[in-house]
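Each remark here refers to the structure printed beneath this line.
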Amino acid sequence: MTVLRIGNASGFYGDRFDAVREMLTGGGPGGAIDVLTGDYLAELTMLILGRDQLKDPAAGYAKTFLRQMEEGLGLAHDRGIRIVTNAGGLNPAGLADALRALAAKLGLPTRVAHVEGDRLPAADGALAANAYLGGAGIAACLDAGADVVVTGRVTDAALVTGPAQWHFGWGPEEYDKLAGAVVAGHVLECGTQATGGNYAFFREHDPEVFRRPGFPVAELHADGSAVVTKHPGTGGLVDIGTVTAQLLYETAGACYPGPDVTARLDTARLTREGPDRVRIDGVRGEAPPPTLKVGLSRLGGFRNEVVFVLTGLDIEEKAALLRAQVADALVKSPPAEVRWELVRTDRPDADTEETASALLRLVVRDPAPEPVGRALTGAAIELALASYPGFHVTAPPGRGAPYGVFGTAYVPAADVPHTAVLPDGTRVPVPVPSRTRVLEPVPEPPLPEPLPAGPVRRVPLGRVAGARSGDKGGDANIGVWVRTEEEWRWLAHTLTVARLRELLPETAGLAVTRHVLPRLRALNFTVAGILGEGVASQARFDPQAKALGEWLRSRHIDVPEELL
């Protein structure tokens, strides 16, 4: 085969259950996939699996995947499709054993292998410490004849680079080819986000297109180029915009480092090849860094929250009264952290009670459960007949719950025992890259000529620009792109760090970095620390910064009339 067709059926733990069946049975004559991947891990997932394993040492993997394989193993066997997934989480060996037992029960000769070594000794109270491995272990398992490869924590793109290394026989220093596979893997990793899900310009198409997007497929070529598409007849959309949006998601600057290669995102070229077909080529690669990223998941303490509803007149005064009353009630056992947030969802002279109401959110945290438990719930309930007029809450206060904290560290790649465990049980150490390159800042590319001065109109930024945002630990990234050269000439000079701060006042006091990606007509901003200690800590209204880009698009800015 000169082309390797890889499809993805999961972008997170909880994604569409029947996507595995759709991807294994779709494609039509000559369009069936060769490899099916499934990405089940995220920062929050690692904490969830860690808590599962505290209760049951045999747990720690994505149980959904095992249920999907009750049908999926047979479908894959009949069609000769290999399956590669990181659903092993904290216990890839356990999931591999469960799959072998399932295959035996179904009477299938499925050969199962797994990759391990990512889990490192957890120190400083961490629940789990996992290094992000590359695709070489996956390639070794496939080369040994595995039908299913289960991993723990690998990079999301490794689910594609591993099969590509196996299929094409790429060596570890064929950086441009590996980088092309990394970019293709990054586009596939979040499933339907590459096929129209969460797409900024969805209104420009028939709404029926986006009701049930199909999952993406990448056709990889031996030179590292790829075509992103989807199975015929499935919903959604693949165009340069949807692919650009996903390329910007949870990335930062020109360099996208990983254990296999550092891919240069500033070299990627996107070309529309036909309906629902976008070619990615020109990607350059460099030697990987000498260190591996390690995700650290730990329990941060306990949190609780109550949302009070304030209706009608005197919203600010009602909020002030309640805050004073709760402060008095908590004086005997004050939580370590108390945060109030008044969300003005109310409208004057509203014609429904709901639209006449604002929400006052109280969030408390403490290392111990008691200050966020009965002390808080008692304070909230006891005020029911003694506070502001119209007192009620959105839901009865519950007991405090543990919350997690995600952090990162870096260790020498040589200190991580990356190991491929083949179908026959043979353990094969995966060698460390012989060449590495420390990451260095990439000089900012020259900006295009600015548009000549002319009349402008004040409109939302989203009239001309798309955006997609997401989380990386406590940081958020906001990728912003436009679709024409004229729009790029305007955006590159207009949306500076200073202007971003004006449009998004919540970024005040935080470090903001702007990265320029001319080939994508895009800017990527990193906002450090806006998410506190990561998604599991729920430090912000939007804890994963999923809608940060949409907030930016809604802000009004002067746009040249010739672009509207």
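If you read the sequence shown in our numbering, its first letter stands for residue 1121, the second for the next number, and so on.
Here a beta-carbon is modelled for each residue, glycine too, at the ideal position from N, C-alpha and C.
P1549 carries a strand assignment under DSSP once its states are collapsed to helix, strand and coil. DSSP, read as helix, strand or coil, puts L1623 in helix.
Counted as a single uninterrupted DSSP element, the beta strand (DSSP E) harbouring K1413 occupies residues 1411–1431.
It is roughly 44 angstroms from the alpha-carbon of L1623 to the alpha-carbon of R1141.
Sorting A1314, E1293, S1507, G1593 by C-alpha distance to the C-alpha of V1381 places E1293 at the top. The three-state reading of DSSP puts I1650 in coil, since its state is none of H, G, I, E or B.
One alpha carbon belongs to G1654, the other to G1593, and they sit about 4 angstroms apart. Every beta strand (DSSP E) stretch that sits fully inside the region 1163–1233 and reaches 3 residues is listed by chain position as 1202–1205. Per DSSP, the continuous alpha helix (DSSP H) segment holding Y1295 begins and ends at 1295–1308.
Buried is the label assigned to E1339, since at least 16 other Cβ atoms lie within 10 Å of its Cβ.
According to the DSSP secondary-structure assignment, T1145 is paired through a beta bridge with no residue.
Note that the C-beta distance between P1379 and G1151 is not below 8 angstroms. A straight-line Cα-Cα distance of about 7 angstroms links N1250 and L1416.
A direct Cα-to-Cα measurement between E1309 and F1335 gives close to 10 angstroms. Boundaries of the beta strand (DSSP E) around E1461: 1457–1463. For P1516, the number of other beta carbons within 10 angstroms of its own is below 16, and it is reported as exposed. Rounded to whole angstroms, the Cβ separation of G1316 and L1357 is 4 angstroms, and the two are in contact under 8 angstroms.
Its Cα nearest to that of R1202, the residue A1259 stands out among A1259, L1215, T1362. In the DSSP assignment, K1350 is bridged to P1336. A residue is called buried once 16 or more other Cβ atoms fall within 10 Å of its Cβ, and F1526 is buried on that count. Here the alpha carbons of A1504 and R1239 stand approximately 49 angstroms from one another. The count of Cβ pairs closer than 8 angstroms, one atom from the region 1225–1239 and one from the region 1163–1171, stays below three, leaving the stretches out of contact. For L1581, the CB contacts under 7 angstroms within the same chain, skipping 5 residues up- and downstream, are L1672, R1673, R1675, I1677 in chain order. In the DSSP annotation of this structure, the continuous segment of the alpha helix (DSSP H) that includes L1279 starts and ends at 1278–1288. Contact check for E1461 and R1481: beta-carbon distance about 5 angstroms, within the 8 angstroms limit, so the pair qualifies. C-alpha of A1383 to C-alpha of L1430: approximately 51 angstroms in a straight line. Taking a C-beta distance under 8 angstroms as the contact criterion, V1562 and I1598 do not qualify as a contact pair. Here P1408 is buried, its C-beta having at least 16 other C-beta atoms within 10 Å.
The C-alpha of L1412 is placed about 9 angstroms away from the C-alpha of G1254. Per DSSP, the continuous alpha helix (DSSP H) segment holding K1438 begins and ends at 1435–1449. Just so you know, the alpha carbons of A1246 and R1418 end up roughly 4 angstroms apart.
In chain order, A1342 place their CB closer than 6 angstroms to the CB of F1288, counting only its own chain and leaving out the 5 sequence neighbours on each side.
In this structure G1227 is exposed. Its beta-carbon is surrounded by fewer than 16 other beta-carbon atoms within 10 angstroms. A direct Cα-to-Cα measurement between V1337 and A1449 gives close to 57 angstroms.
Here the alpha carbons of G1586 and A1162 stand approximately 24 angstroms from one another. In this chain, the alpha helix (DSSP H) harbouring I1360 covers 1360–1368.
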